[in-house]
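Below is one structure, written out as structure tokens; comments come after it.
Residue numbers (our numbering): 67 to 733.
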């Protein structure tokens, strides 16, 4: 088995799929005949991959002493094998030989080799998730490794997950994430997504499936929340605290938005009835199985954590979509994810036409007072199509001087707190709509009745970027103050937006929006370097109506600054948490390499080294058997400019960590 040591869900009967290149534990069961105990029992596993090559695998825990038949719930009574993930693709045969060295005297030596069994490994789900720092004080080490539980829980192979920092979100929200303000976080992340889609360039050159905002600080009743489609959201962003439980929260919140349906909470008992639970979710998944003899919300079968070589028993482990600990994934949700992970970007229109003007609109709607709060709107130009209407309840209408409808986009809002399942009195929206030149008014309506409106004023704002000046050379570690002048003949309040380009203006990273000042401090250490860097400032009077018919991108802004920003070194990160392993056992080494200019570094640019055993190999995932003793493991990553970074890990093989205590001195 892989994440789950079961062929099927014991209640629904649904098969648990085997996933290509996902860590797999094979267990050999032995039965005793005529004796009560046998010592020195070992075995060897044979694996014939899809290409016909036969591989031998030694057990990670043998030899063992059997005091009876092997027991499924006790890994000490089975001989266990960790199979190289490279062999796990397509149709694979397995068989095992007990006592391969012939150390145990037997009456019949001819029945020690099992018949082969065949298993088919299906492709895993491809998952691409970008992350940003949504407010100050984010623990970046936790954020960089925030996908570790998702990789364990989800039906994904070791190379199926792309998880990366997306530069550009440089305007963190100052208020701590809470049940009162998570709609503000959703709006900020969705606006960032919309601007990236139409003007920016995502890391790797294509949009992520989902966007996650990490937050700093200490939570007060809310560790994370997702803008789930089933609750009326866009189904593409989530946010959570970067704490010790951050990886589990990340997997949980992404579960809510893994596709248009998303995962609901798994049911569990209230804390008064089950002390392992911290709350009881409202509106849980009605189809979640009730596993006989186990607590509500149990995973139902034995789980397997490959990174720790640990079995997770169903009587003590809950589904990760519940509110209980410890958690793992159930076959029910494993199958749900395997059947459905899809890209959120797929809903964008495929009608890519000539560059045209579009309007980025966003705001909040309050049900208690039946009012709306509109954000400043921004005109942009892009060749990317706009999303069609996704509902009917609320509409953005663009009308001309005769009140004729020129364009509209409609949507629904859920007003549901995803985590509690209770009604919410506020919900947000963010979308991009076509902008006809004749537009004189933008209205937000609910069932045809106007909630809010904004008129298009006669004059376009003026803005001029004053610093940094063209040709400036800036160190990649600098903080630079960008300044500009802005004015409006209509005396409208102005809101500025700042963007950064690494390709001489071909694409833009949105840094900050809705600025009411004429300066902003940018931390270049969090942005990719470039010899063709530019800053761009735009100004909005609420609706920026000026745009160039020639498509020159002069949409309510004038001025940019071309400069050189030095490149940045890569960042190495080790995910492996083990500090001690038994001699002869397999150690899983997992790490990543990221570069602000290159994005995720290729497998061949990640090199592992032991100060005792030398070169261990290359890649983001390795299985290694280290010699006895204390090892300093080093991961070295190299970017396309030849820059390097290292991360280290201390591992003891067969040695117990010892602490030396010095005697206290007193007068």
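Backbone N, C-alpha and C fix where the C-beta goes; we use that ideal spot for every residue, glycine too.
Predicted, not measured: the structure shown is a model, and the values here were computed from it.
C-alpha gap between residue 262 and residue 604, whole angstroms: 15 Å
Would DSSP call residue 715 helix, strand or coil? strand
Is the beta carbon of residue 386 closer than 8 Å to that of residue 378? no
Check whether residue 643 and residue 673 have beta carbons under 8 Å apart: no
Can you tell which of 689, 688, 659 and 718 has the C-alpha that lies nearest to the C-alpha of residue 677? 718
Per-residue burial, residue 615 [other beta carbons within 10 Å of its own, 16 or more giving buried]: Note that residue 615 scores a pLDDT of 22, beneath 50, so its modelled location is shaky; the value from the coordinates is reported in the next line. Flag for residue 615 reads exposed.
Whether residue 513 touches residue 431 by CB criterion (8 Å): no
Please state the DSSP three-state secondary structure of residue 748. Summary: the structure shown does not reach residue 748, with the chain confined to residues 67 through 733, and so no result is reported for it.
Own chain residues within Cβ distance below 8 Å of residue 504, not counting five before or after: 466, 467 and 472
Range of the contiguous alpha helix (DSSP H) that encloses residue 314: 312-322
By Cβ distance, which residues of its chain are closer than 6 Å to residue 365, with the 5 residues on each side in sequence left out? Excluding residues within five positions, the ones whose Cβ falls inside 6 Å are 380, 383, 385, 394 and 396.
Whether residue 497 touches residue 437 by CB criterion (8 Å): no
What residue does the beta strand (DSSP E) around residue 214 start on, and which one ends it? No beta strand (DSSP E) contains residue 214, which is instead part of the alpha helix (DSSP H) from 214-219.
Go ahead and pull the three-state DSSP assignment for residue 699. strand
In the segment 641-665, which residue ranges form an unbroken beta strand (DSSP E) of at least 3 residues, counting only runs that do not cross its ends? 653-661
Leaving out five residues before and five after residue 136 in sequence, what residues of the same chain have Cβ atoms less than 6 Å from its Cβ? 95, 96, 143 and 144
Given a threshold of 16 other Cβ atoms within 10 Å of its Cβ, counted over all protein chains shown, does residue 611 qualify as buried or as exposed? For residue 611, the predicted model reports a pLDDT of 42, less than 50, meaning its position is unreliable; a value from the coordinates is still stated below. It counts as buried.
Here's the rule I'm using: 16 or more other beta-carbon atoms within 10 Å means buried, otherwise exposed. How should residue 555 be labelled? exposed
Rounded Cβ spacing between residue 428 and residue 247 (contact assumed at less than 8 Å): In fact, because the Cβ distance is near 15 Å, the residues do not count as touching under 8 Å.
Does residue 507 come out as helix, strand or coil in the three-state DSSP assignment? strand
If we count Cβ pairs, one from each stretch, closer than 8 Å, do we get three or more for the segment 210-224 versus the segment 439-448? no
Note down the Cα distance separating residue 667 from residue 118, rounded to an integer number of angstroms. 32 Å
Run the CB neighbour count on residue 374, radius 10 Å, all protein chains shown included, and call it buried at 16 or more, exposed below. exposed
Contacts around residue 314, its chain only, beta-carbon distance under 8 Å, and the 5 residues preceding and following it disregarded: 215, 386 and 393
Under the assumption that residue 478 contacts residue 459 (Cβ atoms under 8 Å), give the Cβ distance between them as a whole number of angstroms. 5 Å
Short of 7 Å in beta carbon distance, which residues of its chain neighbour residue 532, apart from the five on each side in sequence? Order them along the chain. 549, 550 and 551
Going by DSSP, name the residue or residues bridged to residue 113. 121 and 160
Using the three-state DSSP reduction, which class does residue 252 fall into: helix, strand or coil? helix
Is the number of C-beta pairs between the segment 231-248 and the segment 340-360 that are closer than 8 Å three or more? no
So what does DSSP say about residue 521, is it helix, strand or coil? strand
Would you check if the segment 192-202 and the segment 273-290 touch, i.e. whether three or more CB-CB distances between them fall below 8 Å? yes
Delimiting residues of the alpha helix (DSSP H) encompassing residue 406: 397-406
Quick one: give me the first and last residue of the alpha helix (DSSP H) that residue 209 is part of. In the DSSP assignment, residue 209 falls within the alpha helix (DSSP H) that extends over 206-210.
Mapping DSSP to helix, strand and coil, what is residue 146? strand
State the CB to CB distance for the pair residue 528 and residue 564, rounded to an integer number of angstroms; the pair is presumed to be in contact (CB under 8 Å). Here residue 528 is actually not in contact with residue 564; their C-beta atoms are around 16 Å apart, not less than 8 Å.
With a 10 Å radius around its C-beta and 16 neighbouring C-beta atoms as the bar for buried, classify residue 469 as buried or exposed. exposed
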